[in-house]
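Data block below; observations after.
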Amino acid sequence: MTLRLSLTVLALLGLQACVTSTVDEVLYQGPEANLGDATVVIMGRRHASDYETEPDFVECVGDHIQRADKSVTVMSELDFMNELYPWFEPRTAPLRPADVSRMMEVEAVQERLRRINTEYLVWIDGETVRTGGAGSMTCGIGPGGAGCFGFGTWGNDSNYEATIWDFTDQEEVGRMSTQASGQSYMPAVVVPIPIIAPVKGTACDGLGNQLLQFFSTEY
Amino acid sequence: MLGSMTTARRRAATLLRLLTAGCTLLLAACANKVMVEGNFPAPVLDKLPVSIGVYYDPEFRSHEFFDAATTREETDWLVSTGEAQVQMYNQLLPGMFEKVVVLSDLPRRDRVDTVMEDGLDAVLVPHVSELQYSIPNHTKINVFEIWMRYRYELYAPDGELLADWTMTSYGKTPTAFLQSAEAAVNLAAVVALRDAGANFAMNFTSVPEVKQWMDALAAARDAANQAEDASAEPPGFEEDES
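Going line by line, the protein sequences match chains A and B. With this note's numbering as the guide, the letters of the first sequence map in order to residues 1 to 219. With this note's numbering as the guide, the letters of the second sequence map in order to residues 1001 to 1242.
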């Protein structure tokens, strides 16, 4: 009986709510056949005053690509920022590919870029927001035990755009975007059971898969 | 009589000092203390052909800010940024200028010995002129922000003020998940210091007075080189050519 109850609770905890996702892609140039030893850098845009691309999302996309194809070397955002300080800080990061050519006039930058051998730079711009919530939940504790009762629900919307820059040619070579939305639920009868919609994760997978098609020969 | 008054005054001063130290210790004991620590990368820049001295005054070296709690639920915050900002500038400046010397004294018109001995072209003195922050006490959400305004003074080796300008910097922890509030405040401060360095490095030569000084320095060097070349030419060189 206890085992059955435990299994039921575990199964309920493993529940996931549905997510709707859309991915769009515009490529100005065909995907590179083979990156060779070159590295790809994925960075988040942080110049807007009202939002910032989350570092964990940028990391998630990088990890997704690296996991799927080990031949693609993804350099971490912070490592790249440190290697090229102060050119990629939120205040100084180039906003257009034309700004890269201005940066390349500095000999020390040219030399550093040659050393780290970065072929492509992917800018991710966007965020995940909570779209509202409803319901209420009450929790209590007494001599007989503790428990919660109620129901809560909330929504999440992810909206990200990735822009691919070619460092060698100093131009934009592609643009892809992903939108995902989902509703999460939390019913509670003694034990709260979260049924979470993995909105951000779905957006990460969607964008990661699109980028893989560009960078990897296996996709 | 005079002697006993002096002794009493000394005792009072000592007592006041002890009291102040005690209060500071008491405040610090209850506060969330953050000694800002971070790794600051060396800048990737073409060095300016300038030898510069830098003087960090004691206030700059030990800069900190204290935020007193206003309610019982809140806690005090004591954030020490001095050491980290000295570390940042010590990493930044050698990547910007051909030669950098950290000075132990400010150049003065009446005493130019240290500065002149090192053959420096100018002395930079940074100050923190303003600091604003938003910590969890204020926002109630996981947003940690620090905004700073730096004032820079650039002195000629003879102590004459060449330029005086301000630059701002801003830092924010994008997320506070899975980290303590102290770590998040530290990260916000490190981001603000990185931003200060980036702003300084990218805009130093755009400051009108600095640009004017650098142009004058380059012109003086050109003139000196030309004079040196002229004096090195063998006598009668022009006649031989003709």
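Backbone N, C-alpha and C define an ideal beta-carbon position, used for all residues, glycine too. Treat the numbers as computed from the prediction; the structure is a model and nothing was measured.
If you ignore the 5 residues before and after residue 1210(B), its C-beta comes within less than 8 angstroms of the C-beta of 1154, 1162, 1163, 1165, 1204, all in its own chain and listed in chain order. At a cut-off of 8 angstroms, the C-beta of residue 1043(B) has a neighbouring C-beta in chain A. Its chain contains 139, 140 as the residues whose beta carbon lies nearer than 8 angstroms to that of residue 146(A), once the 5 sequence neighbours on both sides are disregarded; these appear in chain order.
Exposure of residue 189(A) is indicated by the presence of fewer than 16 other C-beta atoms within 10 angstroms of its C-beta. The Cβ neighbour count for residue 28(A), taken over all protein chains shown within 10 Å, is under 16; the residue is labelled exposed.
When the Cα atoms are used, residue 134(A) and residue 154(A) turn out to be separated by approximately 6 angstroms.
Between residue 1198(B) and chain A, the shortest Cβ-Cβ separation is below 8 angstroms.
Between residue 1125(B) and residue 1081(B) the beta-carbon gap is near 17 angstroms, outside 8 angstroms, which marks them as no contact. For residue 101(A), the secondary structure class from DSSP, reduced to helix, strand or coil, is helix. Distance check between residue 99(A) and each of 167(A), 173(A), 202(A), 44(A) places 167(A) closest, using alpha-carbon atoms only. Between residue 106(A) and residue 1195(B), the alpha-carbon positions lie close to 20 angstroms from each other.
Taking the Cα of residue 219(A) as reference, the smallest distance to any Cα among 66(A), 39(A), 193(A) is reached at 66(A).
The beta carbon of residue 84(A) falls within 8 angstroms of a beta carbon belonging to chain B, placing the residue at that interface. In the DSSP assignment, residue 1047(B) forms no beta bridge with any residue. Chain B has a Cβ within less than 8 angstroms of the Cβ of residue 107(A). The residues 204, 205, 208, in chain order, have a CB closer than 7 angstroms to that of residue 64(A) in the same chain once the five nearest residues on each side in sequence are set aside. The beta-carbon distance between residue 197(A) and residue 159(A), rounded to whole angstroms, is 15 angstroms. This is too long to meet the 8 angstroms contact definition.
Taking 8 angstroms as the cut-off, the beta carbon of residue 53(A) is found closer than this to the beta carbon of residue 127(A). Taking 8 angstroms as the cut-off, the beta carbon of residue 1190(B) is found no closer than this to the beta carbon of residue 1159(B). No Cβ of chain A is located within less than 8 angstroms of the beta carbon of residue 1149(B).
For residue 1103(B), the beta-bridge partners assigned by DSSP are 1055(B).
Taking C-beta atoms as the reference points, residue 82(A) and residue 1041(B) count as a pair closer than 8 angstroms.
In this structure residue 191(A) is exposed. Its beta-carbon is surrounded by fewer than 16 other beta-carbon atoms within 10 angstroms. By the Cβ test, the stretch 1089 to 1108 of chain B is not in contact with the stretch 1209 to 1229 of chain B, since fewer than three Cβ pairs between them sit closer than 8 angstroms.
In the three-state DSSP reduction, residue 96(A) falls in the coil class, being neither helix nor strand. Per DSSP, residue 69(A) has no beta bridge partner at all. No Cβ of chain A is located within less than 8 angstroms of the beta carbon of residue 1057(B).
Here DSSP, grouped into helix, strand and coil, assigns residue 1039(B) to coil. The alpha-carbon separation between residue 1226(B) and residue 1218(B) amounts to approximately 12 angstroms.
As DSSP reads the structure, residue 150(A) sits in a beta bridge with 137(A), 188(A). Fully contained in the stretch 1186 to 1231 of chain B is no alpha helix (DSSP H) run of length 4 or more. Nearest Cα to residue 77(A) within the set 24(A), 56(A), 183(A), 96(A): 56(A).
Just so you know, the alpha carbons of residue 1121(B) and residue 1100(B) end up roughly 10 angstroms apart. Under a 10 Å Cβ-count criterion, residue 1063(B) is classified as buried, with 16 or more other Cβ atoms of the shown protein chains found around its own Cβ.
Counting only residues of its own chain and dropping the five nearest sequence neighbours on each side, residue 1150(B) has a CB closer than 8 angstroms to the CB of 1126, 1127, 1128, 1129, 1166, 1167, 1168, 1169, 1196, 1200. Shown here, residue 171(A) sits in a strand according to DSSP, grouped into three states.
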